[in-house]
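Enquirer: Submitted below is the structure of interest, expressed as structure tokens.
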Amino acid sequence: MPDAHHLLGLQPDASAHQIRRAFRHLAMRWHPDRNPAPDAAEHFKRLRQAHDELLAALNASSVEPNADAASRAQAHAEARGADLEQVLDLDIEQCFLGGRCELGVPQLHPCTHCAGTGIETLTVSRMCEPCRGSGRIRTAKGLVRCTDCDGRGYSSARACTHCAGAGTQTVERRLEVRIPPGMAEGDELRLAGEGRPHADPRHRPGDLRLRIRCRPHALFRLEGRNLVVRHPVSALRQLMGGSVEVPHPGGFEAIMLEPAAPSGRRIHVAGAGLPAKGNKPAGELIVELEPVWPRNLTPSQRTRLQALENELVADAASHYPELAQAHTFAGDAGR
Ligand SMILES: [Zn+2]
Ligand SMILES: [Zn+2]
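The numbers in this note's numbering rise by one with no breaks, and the one at position 172 of the sequence shown is 213.
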């Protein structure tokens with residue numbers, strides 16, 4: 042295949058806009074509807090291919106600037122269509138358990154109205170606008186033949202009104218995506234072959250790369266692969282220790298509390314965070330225990346708490362060492 046740039050009469054650094062414009066001009070001349078020459082259809086196909094190929098190459102080079110050089114070199118070696126990148130929003134439950142979801146992928150297709158040419162054939166010819174019917178255009182080099190009408194001064198084609206001459210239209214494709222368990226914020230889910238098609242059908246299409254984003258949740262928060270849960274627990278339970286049920290995306294997680302002071306406690310449960318995936322180990326479950334003190338005590342409850350308090354204060358040295366020491370200091374000072 043001759044060089045695509047050469048075929049379209051373009052410089053190697055041509056922009057997408059220049060590529061489309063060059064193709065449109067040439068397509069006006071070579072479209073089989075307009076050109077009776079026997080090789081017109083074949084040449085038109087080559088132009089179309091060159092156009093698609095150049096645009097795909099521009100797209101491929103603008104995707105993922107931080108891809109490592111090795112994978113980029115490999116991508117060059119085995120030509121394929123450009124990758125598409127899109128964000129996929131997941132609930133925390135989906136990140137943990139995986140599942141299926143449906144996704145709309147906007148894709149460029151050849152315009153059905155003009156069969157991808159960007160040109161509409163008119164039943165009635167009309168005067169060519171750019172040259173005002175003269176067939177020639179005034180340039181710095183003098184009068185040259187008008188490329189829009191090929192010097193005829195009239196034209197029986199115009200830019201397709203459905204796609205504004207682009208030759209493409211955006212169609213949303215519905216795709217069912219299987220989500221493996223253990224996807225974290227920023228992870229990439231790669232769907233092979235679901236990206237842009239290659240201009241040459243012998244090469245495979247690009248990939249669709251889904252960048253995972255985690256929706257905020259009322260109870261849970263993900264920090265990397267760790268799951269943080271803020272959970273209210275009775276201050277007395279925290280003081281005594283024992284079993285506590287903590288909500289978890291998979292249901293509930295029973296955790297065992299050691300007896301300890303209720304304030305500012307964080308419990309770490311290894312392996313109960315986001316499940317392991319690939320070479321990434323499972324995260325931790327981090328429970329931020331929020332102590333809740335009893336309110337509105339009845340007289341009977343108050344009496345029983347008072348009895349307990351009296352008992353603990355009597356042995357202050359072992360239960361309230363700071364209190365016991367404060368009393369000793371006060372005693373020393375008074376003497
Ligand atoms: Zn003209
Ligand atoms: Zn069209």
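Glycine included, each C-beta is placed from N, C-alpha and C at the ideal position.
On a predicted model such as this, the values are computed, not experimentally measured, just so you know.
1. Can you tell me whether G159 sits near ligand 2, meaning its C-beta is under 7 Å from at least one heavy atom of the ligand?
2. Since L51 and R87 should fall inside the 8 Å C-beta cutoff, what is the C-beta to C-beta distance between them, to a whole number of angstroms?
3. Kindly identify the DSSP beta-bridge partner or partners of G140.
4. Leaving out five residues on either side along the sequence, give the residues of the same chain with a beta carbon under 7 Å from the beta carbon of S304.
5. Are the CB atoms of G247 and R121 nearer to each other than 8 Å?
6. So the candidates are D191, I296 and C152; which of them puts its Cα closest to the Cα of E325?
7. Alpha carbon to alpha carbon, how far is R179 from D191?
8. Which term fits R266, buried or exposed, when burial requires 16 or more other beta carbons within 10 angstroms of its beta carbon?
9. For A365, which residues of its own chain have a beta-carbon under 7 Å away from its beta-carbon, when the five flanking residues on both sides are left out?
10. Check each candidate in G194, F64, E264 and T209 and name the one with the smallest Cα separation from C152.
11. Buried or exposed for R336, please, with buried defined as at least 16 other CB atoms from any protein chain shown within 10 angstroms of its CB.
12. Taking D44 as the reference, which of G206, C255 and A91 has the closest Cα?
13. May I ask which residues mark the beginning and end of the beta strand (DSSP E) holding E229?
14. Quick check: the Cα distance between V354 and A348, rounded to an integer number of angstroms?
15. So for L48, helix, strand or coil by DSSP?
16. Got a sec? Which residues, its chain only, sit under 7 Å from R70 by beta carbon, not counting five neighbours each side?
17. Taking just the CA atoms, how far does G314 sit from F137?
18. In chain order, what residues of the same chain have a beta carbon less than 8 Å from the beta carbon of A200, not counting five sequence neighbours either side?
19. Starting from L349 and walking both ways along the alpha helix (DSSP H), at which residues does that stretch end?
Expert: Judging by the given coordinates:
1. Result yes, Cβ under 7 Å from ligand 2.
2. Not quite, the Cβ-Cβ distance comes to about 14 Å (not below 8 Å), so this is no contact.
3. DSSP lists I220 as partners of G140.
4. P332.
5. Going by C-beta atoms, G247 is nearer than 8 Å to R121.
6. Measuring from the Cα of E325, the nearest candidate turns out to be I296.
7. Roughly 14 Å separates the two Cα atoms.
8. By the 16-neighbour rule on beta-carbons within 10 angstroms, R266 is buried.
9. Short of 7 Å from the beta carbon of A365, and not among the five residues preceding or following it, lie these beta carbons of its own chain, in chain order: A357 and A358.
10. Taking C152 as reference, the option from G194, F64, E264 and T209 with the minimal CA-CA separation is T209.
11. By the neighbour-count rule (16 or more Cβ atoms within 10 Å), R336 is not buried but exposed.
12. Taking D44 as reference, the option from G206, C255 and A91 with the minimal CA-CA separation is A91.
13. Where E229 is concerned, the enclosing beta strand (DSSP E) stretches over E229 to L232.
14. So the two alpha carbons sit approximately 10 Å from each other.
15. In the structure shown, L48 sits in a helix (DSSP, three-state: H, G or I).
16. Correct list, in chain order: N76 and D191.
17. F137 and G314: Cα-Cα distance of roughly 8 Å.
18. Short of 8 Å from the beta carbon of A200, and not among the five residues preceding or following it, lie these beta carbons of its own chain, in chain order: R65, G159, I160, E161 and G206.
19. Counted as a single uninterrupted DSSP element, the alpha helix (DSSP H) harbouring L349 occupies residues P340 to A355.
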